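Chains as they are written, first to last, in this note's numbering: chain A, 1 to 128; chain B, 1001 to 1128.
Number of protein chains: 2
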Amino acid sequence: MDEQYVVSTWHYVLAKHAKAMCALERELGDKHGLGPSEFEVLDRIVHHDRKLRIQELCDEVHLSQSALSRVVARLEKAELVCRGVCDSDRRGVFVSITEEGRARHLAALPTQRAVLAEIFADAPALIG
Amino acid sequence: MDEQYVVSTWHYVLAKHAKAMCALERELGDKHGLGPSEFEVLDRIVHHDRKLRIQELCDEVHLSQSALSRVVARLEKAELVCRGVCDSDRRGVFVSITEEGRARHLAALPTQRAVLAEIFADAPALIG
DNA sequence: TTGCATTAGATGCGACTGCATGTAATGTTT
DNA sequence: AAACATTACATGCAGTCGCATCTAATGCAA
């Protein structure tokens, strides 16, 4: 593993990340009133198609537990998800998506896909 | 360009970026008192080996102009760089690295490289 | 049961970020 | 030259983040 190659890869990741995050923030925000983190959380719930523990979400979105807690709070305030206690462990919190949340996610999905498609149009084979 | 492939690439970028940024923040911060943005700015100046306009740096590090202005302010306060007016265009600001800044960068470089090497150890061919 | 360590999630706090805007220098038009 | 647009950088501000810490529930040992 050549050092210069590692550094190039890192710069590639930095560039794509910055460009994509910036575009997603703009597009999702303007068109759908969602931040990238909000979208990602909705997306994960829809993908699993069930209510999830906060901790399960933590493993999937790249946020600290505290940041995730606040994203969920914002989503709940916007009535896109709701929180419910977990009966088997009353410390836990289940997060489930509302109808409005599902609709908002569905509307935002093409926007996200379009942004990613444009930015990764030139992407070389990458996943091993 | 398959959509699922684009999404996978995006998730790969997100994961590597989060992991690397988190590790760099910890390692560079603890061992050298530098944040990732601070290191990157020092690194760019060393790489060019000359004083740079703020705007030139803007093109290379993925920060807004305002964020970069503040990074430079922090670095100047720490005496790792100094700002000087540009004679040919007195709106402009030159940023040059100090001896201390050069030393700090040199000390931090192996730390950064080690972090990246570990995180991208499994990286497949990526740059076209 | 009682006492202590652990775990889930919420929250205070300080740091960094981007956007909008401010200030000053430059360029352009008439 | 005067007036206006543009450019370079700095700064007020609000938003999000991670860390440390708090509260409450759980687990485990004596």
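We put the beta carbon where it would ideally sit given N, CA and C, even for glycine.
Computed from a predicted structure; not experimentally measured.
Contact between the segment 1022-1030 of chain B and the segment 24-32 of chain A is absent: fewer than 3 CB-CB pairs across the two stretches fall below 8 Å. Using a Cβ distance threshold of 8 Å, B/V1046 and B/I1119 do not count as a contacting pair.
B/R1104 carries a helical assignment under DSSP once its states are collapsed to helix, strand and coil. At a Cβ-Cβ threshold of 8 Å, A/I54 and A/S69 count as neighbours. C-alpha of A/D2 to C-alpha of B/F1039: approximately 21 Å in a straight line.
Considering only beta carbons, no part of the segment 1025-1045 of chain B lies closer than 8 Å to chain A. The Cβ-Cβ distance between B/L1052 and A/V7 does not fall below 8 Å. For A/V7, the three-state secondary structure derived from DSSP is helix.
Taking a 10 Å sphere around the C-beta of B/H1048, we find fewer than 16 other C-beta atoms and assign the residue as exposed. The continuous stretches of alpha helix (DSSP H) do not include A/V81, which lies in the beta strand (DSSP E) extending over residues 81-85. Here A/R50 is exposed, its C-beta having fewer than 16 other C-beta atoms within 10 Å. Counting along the chain, B/V1093 sits inside the beta strand (DSSP E) bounded by residues 1093-1097. By the neighbour-count criterion, in which a residue is buried when 16 or more other Cβ atoms sit within 10 angstroms of its Cβ, B/R1091 is exposed. In the three-state reduction of the DSSP assignment, A/L52 falls in the strand class, which pools E and B. Counting C-beta atoms within 10 angstroms of its own C-beta, A/P124 has fewer than 16 neighbours from the protein chains shown and is therefore classed as exposed. When the beta-carbon positions are compared, B/V1061 and B/S1037 come within less than 8 Å of each other.
Leaving aside the five residues that flank B/C1082 on each side, the residues in its chain whose CB is nearer than 8 Å to its CB run, in chain order, E1076, V1095, S1096, T1098. Sequence-distant partners of A/V72 (beyond 5 residues in either direction) whose C-beta falls short of 6 Å from its own C-beta, in its chain, are V95.
When only Cα atoms are considered, B/K1016 and A/E100 end up about 32 Å apart. Rounded to the nearest angstrom, the Cβ distance from A/R104 to A/L57 is 17 Å, too far for a contact under 8 Å.
Of the candidates A/V41, A/A18, A/A107, the residue whose Cα lies closest to the Cα of A/L63 is A/V41.
For A/E56, no chain B residue has a C-beta closer than 8 Å to its own C-beta; the minimum C-beta separation is roughly 16 Å. Proximity of chain A to B/V1006 at the Cβ level (cut-off 8 Å) is accounted for by R113, L116, A117, F120, A123, in chain order.
Taking C-alpha positions only, A/T111 is separated from A/G84 by approximately 30 Å.
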